[in-house]
Structure formats: structure tokens, C-alpha cells
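> The numbering of the sequence shown is UniProt numbering, which starts it at 1 and goes up by one. Heads up, the beta-carbon is just placed ideally off N, CA and C, and yes, glycines get one too.
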Amino acid sequence: MRMYGAHIGALSHFTYGFKEWHKSLCFFLYHQFIVRAACIIY
Numbered sequence: 001m002r003m004y005g006a007h008i009g010a011l012s013h014f015t016y017g018f019k020e021w022h023k024s025l026c027f028f029l030y031h032q033f034i035v036r037a038a039c040i041i042y
């Protein structure tokens with residue numbers, strides 16, 4: 001039972017880490033897009 005709880009904890013931690021990573025990746029791509037758009041506009 002303890003191992004199961006640890007597995008759930010690790011899984012939730014991994015999911016949280018993946019969400020944070022995905023958020024930062026989206027932010028990075030969005031930032032790149034804004035920079036390129038600014039270069040095209042100016």
C-alpha cells in the first residue's frame with residue numbers, strides 16, 4: 001500500500017512537472033512568435 005501511494009505521488013509530481021514544462025515551452029514559442037512578428041512589422 002505504501003508503494004502504491006509513493007507511485008501516485010511520483011505520478012502526480014511527473015504530471016505537474018510536465019505541465020510546467022509545457023507551459024514554459026508554449027511561452028517560449030509565443031515569445032519567439034512575438035519577436036518575429038515585431039521584426040516583420042518594423
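1. Do you know offhand how far Leu-29's Cα is from Arg-36's?
2. State the Cα-Cα distance for the pair Lys-19 and Tyr-42, rounded to the nearest angstrom.
3. From the DSSP output, in three-state form, read off Tyr-42 for me.
Taking the geometry as given:
1. Taking the straight line from one Cα to the other gives about 11 Å.
2. Whole-angstrom Cα-Cα distance: 34 Å.
3. Residue state, collapsed to three classes: coil.
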